[in-house]
Amino acid sequence: MSTPPRTATSSARSSSVHFLCLRCETRLARSSGEPASPCESCDLASSVTAPSPESIIERCAACGHEELYFQKDFNRRTGIALVVIGAIFAPWTYFLSLLGVTILDYVIWRVVKDVIVCYDCQAVHRGYPPNPSLKPFDLVIHDRHVYGAAPPGAEEGH
Ligand SMILES: [Zn+2]
Ligand SMILES: [Zn+2]
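Residue numbers (this note's numbering): 15 to 172.
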């Protein structure tokens, strides 16, 4: 029983769940190994704990919902900002800055891990191995959660 050495990046293997308090909607975070504790803001009892870092996330750790999606843990706007900065400096750097940020953007995109997000409560599960049965964000599933079983105006046949 030995875990294979994974020393490519020696960053601490910690996982966490970020979710909103059901009452006051404060953003709460629980790391794996941390006991469940009430909301820091309104003291509402919460039994949410983060599963251990090796867990495959199959249901939301915050609400138990089974429909989840994954997405890059990277704000796309940061990437766009990088490209804009590169473009601004392009005339002075013989466009090397543009090339630089393009590479940087690509590298960030490759290095950044996926996070698993709950369709129902938007809880974010960070630092877990990918679950092959999950799919990227799907607007149709998202709308079903926001608007109910059927999209507005759609008549479901019997
Ligand atoms: Zn609260
Ligand atoms: Zn959830």
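Backbone N, C-alpha and C define an ideal beta-carbon position, used for all residues, glycine too. None of these values were measured; they are calculated from a predicted model.
Which word fits residue 93, buried or exposed, when buried means at least 16 other C-beta atoms lie within 10 angstroms of its C-beta?
Residue 93 should be labelled buried.
Taking buried to mean at least 16 other C-beta atoms within 10 Å of its own C-beta, is residue 62 buried or exposed?
So residue 62 ends up on the buried side.
For residue 113, does the three-state DSSP call read helix, strand or coil?
Under the three-state reduction of DSSP output, residue 113 falls in the helix class.
Am I right that residue 46 and residue 30 are in contact with their C-beta atoms under 8 Å? What's the rounded C-beta distance?
Confirmed, Cβ separation roughly 7 Å.
Which class does residue 8 belong to by DSSP, given the choice of helix, strand or coil?
Given a span of 15 to 172 for the chain in the structure shown, any question on residue 8 remains unanswerable.
Which residues in the same chain as residue 58 place their Cβ atom closer than 8 Å to its Cβ, once the five residues preceding and following it in sequence are excluded?
Excluding positions up to five away in sequence, the list reads 35, 36, 37, 38, 52.
Chain-order list of residues whose beta-carbon lies under 8 Å from that of residue 147 (same chain, five-residue window excluded)
The answer, listed in chain order, is 72.
C-alpha gap between residue 43 and residue 80, whole angstroms:
Those two C-alpha atoms are separated by around 20 Å.
Would residue 70 and residue 150 qualify as a contact pair, given that the criterion is a beta-carbon distance under 8 Å?
No, they are not a contact pair.
Does ligand 2 have even one heavy atom less than 7 Å from the beta-carbon of residue 137?
Yes, ligand 2 has a heavy atom inside 7 Å of this Cβ.
Return the CA-CA distance between residue 65 and residue 160, expressed in angstroms with no decimal places.
C-alpha separation (whole angstroms): 27 Å.
Taking DSSP as the reference, what is the three-state secondary structure of residue 41?
When secondary structure is reduced to three states using DSSP, residue 41 falls in the strand class.
Per DSSP, what kind of secondary structure is residue 105 in: helix, strand or coil?
Looking at residue 105 - three-state DSSP - the assignment turns out to be helix.
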